[in-house]
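Written out below as structure tokens is the structure these notes cover.
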Amino acid sequence: MHKFLIILTFFFTSYNCEQKLIQNNIEIKKNQSVLQPFPEQIDYISDYENILNEEQKKDLNHILDNFNKKTNIQIAILSITSIEPYNDIHQYSVDLGNNWNLNPKSIVIAFSKEKRSVAIATSTIIEKTLSDSLCQSVIDNDMIPEFKKENYYNGLKNGILSIINKLN
């Protein structure tokens, strides 16, 4: 009888441990889908949708590089076709900025022509000067009118210059 109880206890303990391992494995798999890598930062402009030509990228990179050298504020721009597994482009922008290890005074502008969405995310330091409502104003007044005309270069340039003006 004593052997039977030991075997029974061993069986239930083994079964319980196996169930916990299976449950932990499922949780790990769920979390892995959330931690998909972000695209690499190419320059100030990371145009993964190939919307801008080389001259336009060069011009925008020049503006952003000069601003960064003058103020130590880094503005990164990303165009991308998908933000999966995210649903919210703003949260994607925040996490992207953290993933890219931008400096503490940074701004991320992420947009998708395909998804017809755009967001501006600011670091905590910049947020004190460039609030969410000011960022939304830049999007609504400076960027979207040009984006609607399929003129992404002008929309981005207008948005960048408006942000620079607000931070100076």
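Using this note's numbering, read the sequence shown as starting at 4 and increasing by one per residue. All C-beta atoms in this analysis are idealised placements derived from N, C-alpha and C, irrespective of residue type, glycine included.
DSSP state of residue i mapped onto helix, strand, coil
{"i": "Ser-96", "result": "helix"}
{"i": "Thr-132", "result": "coil"}
{"i": "Gln-44", "result": "coil"}
{"i": "Leu-84", "result": "Going by the sequence as given, residue 84 is Thr instead of Leu. Coil."}
{"i": "Asp-91", "result": "coil"}
{"i": "Ile-110", "result": "strand"}
{"i": "Ile-54", "result": "coil"}
Where the alpha helix (DSSP H) containing residue i begins and where it ends
{"i": "Ser-185", "result": "This structure gives no information on residue 185, because the portion of the chain shown stretches from 4 to 171."}
{"i": "Ile-172", "result": "Shown here, the chain extends from 4 to 171; a query on residue 172 therefore has no answer."}
Residue from the options with nearest C-alpha to residue i
{"i": "Val-97", "options": "Asn-144, Ile-112, Asn-56 and Asp-145", "result": "Ile-112"}
{"i": "Lys-169", "options": "Glu-153, Val-141 and Lys-160", "result": "Val-141"}
{"i": "Tyr-51", "options": "Gln-77, Ile-78 and Ile-83", "result": "Ile-83"}
{"i": "Tyr-89", "options": "Leu-164, Ser-120, Ile-147 and Asn-157", "result": "Ser-120"}
{"i": "Ile-78", "options": "Pro-42, Ser-85, Lys-72 and Tyr-47", "result": "Tyr-47"}
{"i": "Asn-171", "options": "Phe-41, Phe-150, Lys-73 and Asp-68", "result": "Lys-73"}
Element boundaries [beta strand (DSSP E), containing residue i]
{"i": "Ile-66", "result": "From DSSP, Ile-66 is part of no beta strand (DSSP E) but of the alpha helix (DSSP H) over 57-74."}
{"i": "Ile-123", "result": "120-125"}
Check whether the segment 92-111 and the segment 51-62 touch, using three or more Cβ-Cβ pairs below 8 Å as the test. Segment contact: the segment 92-111 against the segment 51-62, fewer than three CB-CB distances shorter than 8 Å; contact not assigned.
Check whether the segment 82-97 touches the segment 59-70, taking contact to mean three or more Cβ pairs, one atom from each stretch, closer than 8 Å. no
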